[in-house]
Each structure stands twice: as structure tokens, then as C-alpha cells.
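Taking our numbering, the leading residue of the sequence shown gets 41, the next gets one more, and so forth.
The beta carbon of each residue, even a glycine, is placed where N, CA and C say it ideally should be.
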Amino acid sequence: MRHLVLFYSRTGTTARIAEALGAELDARVEEIKCPRYQSGWFSYLRAGYDSVKGRLPEIDSPQVSLKDYGMVILGAPVWTSYPAVPLRSFLAHNPDLPPRIAVFMTHGAHSPPDKALEFAEKLLPSPLVASLMIRQDDVLKDRYSEALAAFAAQLNAPG
Ligand SMILES: Cc1cc2nc3c(=O)[nH]c(=O)nc-3n(C[C@H](O)[C@H](O)[C@H](O)COP(=O)(O)O)c2cc1C
Numbered sequence: 041m042r043h044l045v046l047f048y049s050r051t052g053t054t055a056r057i058a059e060a061l062g063a064e065l066d067a068r069v070e071e072i073k074c075p076r077y078q079s080g081w082f083s084y085l086r087a088g089y090d091s092v093k094g095r096l097p098e099i100d101s102p103q104v105s106l107k108d109y110g111m112v113i114l115g116a117p118v119w120t121s122y123p124a125v126p127l128r129s130f131l132a133h134n135p136d137l138p139p140r141i142a143v144f145m146t147h148g149a150h151s152p153p154d155k156a157l158e159f160a161e162k163l164l165p166s167p168l169v170a171s172l173m174i175r176q177d178d179v180l181k182d183r184y185s186e187a188l189a190a191f192a193a194q195l196n197a198p199g
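Structural data, given as C-alpha cells:
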């Protein structure tokens with residue numbers, strides 16, 4: 041397979057986009073898991089606190105050889121205007137990413153998502169092939185197919 045979609049999702053929104061993108065691109069889809077934020081309203085507060093403090097949690101990363109893929113597409117929600125800390129944790133482990141990387145994030149539209157995207161770009165070893173920021177509301181109401189198709193077309197363009 042040419043593409044790998046690798047995502048973290050706490051409540052399923054980013055997972056929906058990851059699965060839809062995987063189907064659109066015929067890509068392998070894998071999840072980064074993080075039990076620390078899994079359940080209950082307290083885990084929401086903990087997620088926000090860790091995100092602001094830059095405290096990186098333990099994660100369960102899938103056993104995949106990233107270098108075997110022509111492109112890795114990373115997905116996560118926005119937390120306190122940053123990429124969610126499980127993705128930051130993954131990147132802090134210096135994963136062996138291929139040169140072609142893309143990013144998508146879902147967000148609650150509480151604030152402009154650009155800061156989270158800029159932050160993600162700084163953590164990555166090469167410039168992004170493409171990026172996509174989608175509002176949670178649009179995901180839940182199935183209003184993302186056009187944006188997703190445009191993103192997929194950018195990813196499929198020869199580079
Ligand atoms: C701890 C925390 C902080 C958040 N901070 C922001 C934020 O700064 N800006 C924003 O637009 N949405 C924020 N959100 C909303 C999420 O980005 C949004 O609900 C996202 O789509 C959830 O994705 P998921 O279902 O894949 O976990 C935050 C959510 C959590 C849990």
C-alpha cells in the first residue's frame with residue numbers, strides 16, 4: 041500500500057475521518073491509543089491540563105514500519121490549540137517517517153485551528169504535502185465529503 045493513515049482519536053470524530061480517508065485512498069489505517077484520556081469527564085480535564093503543560097503521555101503505537109509507506113497521513117484532534125498530546129507523544133519518539141507527510145485534524149471551532157497546524161509542522165521532519173482541518177460539527181453532520189475528496193486529490197498528486 042502506498043499510504044498509511046495513522047491517527048489518534050479520543051471520542052471518535054477524528055477516527056471517522058481517518059476511516060473515510062483510508063477508504064478514499066485505499067490506504068492502511070492504524071490507531072495510536074492512549075488509555076490515559078479514555079473515559080469520563082475527568083479525563084477531559086486531564087487532557088486539557090496535559091496539553092497546556094506539554095505533558096506527553098504513554099501511548100500504544102501500532103507495530104508498523106513507517107518507512108514502508110510512500111506517505112504517512114497523521115490525524116488528531118486539536119486540544120487547547122495544539123495537536124492532541126498522544127500525537128505529540130508519538131512524534132517525540134522520533135518515528136522513522138518517510139519524507140512525504142500530511143496532517144489532518146478535527147476541532148471544535150472554539151478557536152482558529154491554524155496554531156495547532158503550525159505546531160504540528162514544527163514537530164515534523166519535512167514540509168507537509170497537504171493538510172486538512174475539519175470542524176467536529178461538520179464531521180458529525182456528514183458535511184466533509186468535498187473537503188476530504190480535495191485533500192485526497194492533493195495526496196494522490198504526483199510529488
Ligand atoms: C482537552 C480538549 C481540548 C480541546 N481544545 C480545543 C481547542 O483548543 N480548539 C478547538 O477548536 N477544539 C478543541 N477541542 C475539541 C476537539 O478538538 C474536538 O471535539 C475534536 O473533533 C474531537 O476529536 P475526537 O472525537 O477524535 O477526539 C478540545 C477537546 C478536548 C478534549
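Asked, Found
"Beta-ladder partner(s) of L168, from DSSP", "I141"
"Closer than 6 angstroms: Q176 CB and nearest ligand 1 heavy atom", "yes"
"Beta-bridge pairing of P123 - partner residues as DSSP gives them", "V118"
"Classification of P102 by the beta-carbon crowding that lies within 10 angstroms, buried from 16 upward", "exposed"
"Residue burial classification, V92 (beta-carbon count within 10 angstroms, cutoff 16)", "exposed"
"Classification of S151 by the beta-carbon crowding that lies within 10 angstroms, buried from 16 upward", "exposed"
"Beta-bridge partners of D100, as assigned by DSSP", "K73"
"Burial state of A116 (16 or more Cβ within 10 Å)", "buried"
"Any non-hydrogen atom of ligand 1 within 6 angstroms of S171 CB", "no"
"CB of I72 within 7 angstroms of CB of Y48, strictly", "yes"
"Integer Cβ distance of L23 from L46, believed to fall under 8 angstroms", "No information on residue 23 is available, as it lies outside the stretch 41 to 199 that the chain covers here."
"Any non-hydrogen atom of ligand 1 closer than 6 angstroms to W81 Cβ", "no"
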